[in-house]
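J.: Heads up: the protein sequence lines correspond to chains A and B, in order.
Each residue of the first sequence is one higher than the last, beginning at 1 in the numbering used here.
Each residue of the second sequence is one higher than the last, beginning at 110 in the numbering used here.
Cβ coordinates follow ideal geometry from the N, Cα and C atoms, glycine included.
Could you have a look at this structure, given as structure tokens, before my questions?
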Amino acid sequence: MKDISSAIQLIPLEHYILLCVTLFSIGLMGVLFRRNTIIILMCIELMFNSINLLVAAFSAYHSDPSGQVFVFFVMIVAAAEVAVGLSILVMMKRNVDSVDINLLNRLKW
Amino acid sequence: MVFLFYFLSAIMILTALFVVFSKNPVDSVIYLIICFIAMAGQYILLNSQFLAVVHVIVYTGAIMVLFLFVIMLLNLNKEIILQKSKVTRISAVVTGGIFFLVMVAATRLTLEIHPRYAFDSKIGLVSEVGKTLFHEFLLPFEISSVLFISAMIGAVMFGKKDV
């Protein structure tokens, strides 16, 4: 325990920012890159989680437990979002018999 | 210990790339699970044990299993050759790269402003997080139950055959 908490101070906060920005851009790229709706939902989860890790890192470095609670709330919202998103996916599969995101373009323009 | 941070970061970035680029959706889910477990390791390194446990239970245990179940029920586990056009794919990669560059450039200027606070190793423990959650954030915590029940009703409504 002591060993771990002394090790964090050796890692600069910049490296956490770099890691989370990298993960967020990979998720953004995946949303634009793929046509499969389920992969797009997973990339959104990836972006959620990169932001969560960054908030937790800031909270640990500033010694403020409110950040940890905020991460918890973001997890709550993400769980609700996944439930609704996956049910939309199931409905889409039932109605158009495909998970191709390009078929759902009636609201696009 | 410092080595562990960079090791976990490398695993996370590699598996995140595999999530985007692998052909089979089941492979993507497995890679995302590996990424999330590495992220739980990062939480433990930050000494926020509550978040690490909740992350493993909620994400790896519930959400990713839900994804796997949907893939299994809808029979999506075949390799899909269907891809976006080449121009769209290249522009997606360029967009991600440009976003990365802009964010790195934007954060680079602000880094020196942050003062270092005294490190408190207790803030991530369950007792501290619970105290904060039930003292300062009691009302949002209760309201989130309304969010959950609306999400549940919405999922059931979407799942019904004839709406």
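1. Whose CA, out of B:V213, B:A264 and B:A161, lies closest to the CA of V90 (chain A)?
2. May I ask you to list the residues that DSSP assigns as paired with N36 (chain A)?
3. Assign S25 (chain A) to one of three DSSP states: helix, strand, or coil.
4. Which term fits I152 (chain A), buried or exposed, when burial requires 16 or more other beta carbons within 10 angstroms of its beta carbon?
5. Excluding five sequence neighbours on each side, which residues of the same chain lie with their C-beta closer than 6 Å to the C-beta of Y16 (chain A)?
6. Within 8 Å of any Cβ in chain B, is that where the Cβ of R34 (chain A) sits?
7. Touching or not, the segment 76-88 of chain A and the segment 248-264 of chain B, by the rule of three or more beta carbon pairs under 8 Å?
8. Check whether the Cβ atoms of L247 (chain B) and Q158 (chain B) lie closer than 8 Å to each other.
9. If you draw a straight line from the alpha carbon of R217 (chain B) to that of T22 (chain A), how long is it in whole angstroms?
10. Quick check on V90 (chain A) - is its C-beta less than 8 Å from some C-beta in chain B?
11. Do M29 (chain A) and V167 (chain B) have their CB atoms nearer than 8 Å?
12. Enumerate in chain order the residues of its own chain whose CB-to-CB distance from A161 (chain B) is below 6 Å, with the five nearest sequence positions on each side excluded.
13. Is the CB of M47 (chain A) under 8 Å away from at least one CB in chain B?
14. Taking only three categories from DSSP, how would you classify E245 (chain B)?
15. List, in order along the chain, the chain A residues whose C-beta lies closer than 9 Å to that of D136 (chain B)?
16. Looking at the structure shown, is Q68 (chain A) part of a helix, part of a strand, or coil, going by DSSP?
17. Identify which residue in B:P249, B:S230 and B:V213 has its Cα closest to the Cα of N156 (chain B).
18. Report yes or no: is there a C-beta of chain B within less than 8 Å of the C-beta of M93 (chain A)?
19. Among B:V138, B:N184 and B:N133, which residue has its Cα nearest to the Cα of T169 (chain B)?
20. Pull out every residue of the segment 165-188 of chain B whose Cβ sits closer than 8 Å to any Cβ of chain A, in chain order.
21. Once you ignore the five residues that flank I101 (chain A) on each side, which residues in its own chain have a CB closer than 7 Å to its CB?
22. Reducing DSSP to helix, strand and coil, say where L10 (chain A) ends up.
T.: Considering the structure as presented:
1. Indexing the first sequence from 1 puts residue 90 (chain A) at position 90. When each option's Cα is compared against that of V90 (chain A), the closest is B:A264.
2. By 1-based counting over the first sequence, the position of residue 36 (chain A) is 36. Paired residues: A:D100.
3. One-based indexing of the first sequence puts residue 25 (chain A) at position 25. Looking at S25 (chain A) - three-state DSSP - the assignment turns out to be helix.
4. Since the first residue shown for chain A is 1 and the last is 109, residue 152 (chain A) is missing from the structure and cannot be characterised.
5. Looking up residue 16 (chain A) in the first sequence gives position 16. Taken in chain order, the residues that qualify are A57.
6. As a working note, residue 34 (chain A) is residue 34 in the first sequence. Taking Cβ atoms only, chain B reaches closer than 8 Å to R34 (chain A), which makes this a yes.
7. yes
8. Indexing the second sequence from 1 puts residue 247 (chain B) at position 138. Indexing the second sequence from 1 puts residue 158 (chain B) at position 49. Contact: no.
9. Position 108 of the second sequence, counted from the first residue, corresponds to residue 217 (chain B). Position 22 of the first sequence, counted from the first residue, corresponds to residue 22 (chain A). The alpha-carbon atoms of R217 (chain B) and T22 (chain A) are separated by roughly 14 Å.
10. Against the first sequence, residue 90 (chain A) aligns to sequence position 90. Interface residue, yes.
11. Counting from 1 along the first sequence, the entry for residue 29 (chain A) is found at position 29. Counting from 1 along the second sequence, the entry for residue 167 (chain B) is found at position 58. No, the pair does not count as a contact, with Cβ atoms beyond the cut-off.
12. As a position in the second sequence, residue 161 (chain B) is number 52, starting the count at 1. Closer than 6 Å at the Cβ level, and outside the excluded window around A161 (chain B), lie A149, Y152 and I153.
13. Counting from one through the first sequence, the residue named residue 47 (chain A) turns up at place 47. Chain B, which has no Cβ nearer than 8 Å to the Cβ of M47 (chain A), makes this no.
14. Residue numbering aside, residue 245 (chain B) sits at position 136 when the second sequence is read from its first letter. Here E245 (chain B) sits in coil by DSSP.
15. Translated into positions along the second sequence, residue 136 (chain B) becomes position 27. The contacting residues do not exist; D136 (chain B) stays about 10 Å from chain A at best.
16. As a first step, residue 68 (chain A) must be located in the first sequence, where it is residue number 68. In the structure shown, Q68 (chain A) sits in a helix (DSSP, three-state: H, G or I).
17. The residue you call residue 156 (chain B) lines up with position 47 of the second sequence. Minimum Cα distance to N156 (chain B) is reached at B:S230.
18. The residue labelled residue 93 (chain A) in the question sits at position 93 within the first sequence. A small correction: the amino acid at residue 93 (chain A) is Lys; Met does not occupy that position in the sequence shown. At least one chain B Cβ lies under 8 Å of K93 (chain A).
19. Counting from one through the second sequence, the residue named residue 169 (chain B) turns up at place 60. When only C-alpha atoms are compared, the closest one is B:V138.
20. V167, Y168, A171, I172, L175, F176, V179, I180, L182, L183 and L185
21. In the first sequence, counting from the first residue as 1, residue 101 (chain A) sits at position 101. R35, T37 and I40.
22. Walking along the first sequence from the start, residue 10 (chain A) turns up at place 10. Three-state result, L10 (chain A): coil.
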